[in-house]
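Start counting the sequence shown at 2; every next residue gets the next number (my numbering).
Beta carbons are placed, not taken as given, at the ideal position from N, Cα and C, and that holds for glycine.
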Amino acid sequence: MLGAPLQRDFQSPKYFRYRFMAESNGTSSGKKRIRIDISSDSVCPWCFVGKRNLDKAISAAKDQFDFQIKWHPFFLNPSAPKEGINKKECYKNKFGSQYEQIEARMTEVFKGLGLEYDISGLTGNTLDYHRLICFAGQQGLDTQHNLVEELFLGYFTQGKYIGDRKFLVESAKKVGIEGAAEFLEDPNNGLKEVNEELEKYSAHISGVPYYVINGKTKFSGGQPPEVFLKAFETAAN
Numbered sequence: 002m003l004g005a006p007l008q009r010d011f012q013s014p015k016y017f018r019y020r021f022m023a024e025s026n027g028t029s030s031g032k033k034r035i036r037i038d039i040s041s042d043s044v045c046p047w048c049f050v051g052k053r054n055l056d057k058a059i060s061a062a063k064d065q066f067d068f069q070i071k072w073h074p075f076f077l078n079p080s081a082p083k084e085g086i087n088k089k090e091c092y093k094n095k096f097g098s099q100y101e102q103i104e105a106r107m108t109e110v111f112k113g114l115g116l117e118y119d120i121s122g123l124t125g126n127t128l129d130y131h132r133l134i135c136f137a138g139q140q141g142l143d144t145q146h147n148l149v150e151e152l153f154l155g156y157f158t159q160g161k162y163i164g165d166r167k168f169l170v171e172s173a174k175k176v177g178i179e180g181a182a183e184f185l186e187d188p189n190n191g192l193k194e195v196n197e198e199l200e201k202y203s204a205h206i207s208g209v210p211y212y213v214i215n216g217k218t219k220f221s222g223g224q225p226p227e228v229f230l231k232a233f234e235t236a237a238n
């Protein structure tokens, strides 16, 4: 599948700038390799929180390790409607009397990351998102990581709908991916890859975000940077 390579002139700090190592048995830098497999869904706010904290940890450890990060699909609600439903009403129905407390908590957490939590817009089926993430991964894991960031930002801070084809394609272009519109047009594109990754990485888990570091250190949740840093050390030894 063809597409333009990731552009290297991003100026915004939201883009992850460290070059992830391509798959091989060694690294040219001589630093220890840290591979991070992440099972995630785009409508999970703790997945975004975890990503931001992971990025901070990687920034702090970049002189010690080379990193390879790959995102894998998980469906919090596989039967969610493709056409989308009101996000706020959906959460009110799901969480009931706890809704306001949960929203206040997420607003506080996002504020701590320098972000404004936006509950407006629609939520719904995330299959197209996962298909696009698989497509991005074929063009480079750094490209994939940056696309995850862009889509999280849109959904959680700008009221964008994760199932909106226009939003998906525009986000892909922002991080240097071409051909996303054509790829998403065929509903079968990426479907095999999504199902294979679901079976391999996510069939055994019940919630996200879920991290596997170097195939042995495993944990879940929107952990602080310190937890990731400790996990890097453990996995590298």
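Beta-bridge pairing of Gln123 - partner residues as DSSP gives them: Counting from one through the sequence shown, the residue named residue 123 turns up at place 122. Residue identity check: residue 123 is Leu in the sequence provided, not Gln. DSSP lists Asn87 as partners of Leu123.
Using a threshold of 8 Å, is the CB atom of Gly191 nearer than that to any non-hydrogen atom of the ligand COA? The model on display carries no ligand, and the ligand COA is accordingly not part of it.
Best match in Glu84, Ala81, Pro79, Ile120 for proximity to Lys304 [C-alpha to C-alpha]: In the structure as shown, the chain starts at 2 and stops at 238, and residue 304 therefore has no counterpart that could be examined.
Residue of Gly222, Thr108, Tyr130 minimising C-alpha distance to Val195: Translated into the one-based positions of the sequence shown, residue 195 becomes position 194. Minimum Cα distance to Val195 is reached at Tyr130.
Under 9 Å between the Cβ atoms of Cys91 and Val209? Along the sequence shown, read from residue 1 onward, the residue named residue 91 stands at position 90. Along the sequence shown, read from residue 1 onward, the residue named residue 209 stands at position 208. No. Outside cutoff.
Counted within 10 angstroms of its Cβ, other Cβ atoms place Ile38 as buried (16 or more) or exposed: The sequence position of residue 38 within the sequence shown is 37, counting from 1. Checking the sequence shown, residue 38 turns out to be Asp, not Ile. With 16 or more Cβ atoms within 10 Å of its Cβ, Asp38 is classed as buried.
So if DSSP puts Asp262 in a beta bridge, which residue, or which two residues, is it bridged to? What the structure shows of the chain is the stretch from 2 to 238, and residue 262 is not part of that stretch, so it cannot be assessed.
Can you tell me which of the three DSSP states Glu24 falls into? For this step, residue 24 is matched to residue 23 along the sequence shown. Any reading at Glu24 must be qualified, since the residue scores a pLDDT of 38, below 50, and its modelled position is unreliable; the value itself is stated next. Glu24 falls in the coil class under three-state DSSP.
How would you call Ala204, buried or exposed, if buried means at least 16 neighbouring beta carbons within 10 angstroms? Reading the sequence shown from its first residue, position 203 is the one you call residue 204. Counting Cβ neighbours within 10 Å, Ala204 comes out exposed, since fewer than 16 surround it.
Do you know whose CA, among Ala61, Thr158, Glu84, Gly138, lies nearest Leu116's CA? As a first step, residue 116 is located in the sequence shown; it is residue number 115 there, counting from the start. Answer by Cα proximity: Thr158.
Does the beta carbon of Pro210 come closer than 9 Å to any beta carbon on chain C? Here chain C cannot be found, since the structure has a single protein chain.
Of all the beta strand (DSSP E) runs that stay within the bounds of the region 147 to 224, which reach a length of 3 or more residues? 211 to 214, 218 to 221
Span separating the alpha-carbon of Asn54 from that of Ala61: Your numbering for residue 54 matches position 53 in the sequence shown. Your numbering for residue 61 matches position 60 in the sequence shown. Taking the straight line joining both Cα atoms gives about 11 Å.
Go to Ala81, then tell me how far its alpha helix (DSSP H) extends in each direction, as first and last residue. Here residue 81 refers to the residue found at position 80 when the sequence shown is read from its first residue. Where Ala81 is concerned, there is no enclosing alpha helix (DSSP H), given that its DSSP letter is neither H nor E.
Secondary structure of Lys33, DSSP reduced to three states: Locating residue 33 in the sequence shown gives position 32, counting from the first residue. Lys33 falls in the strand class under three-state DSSP.
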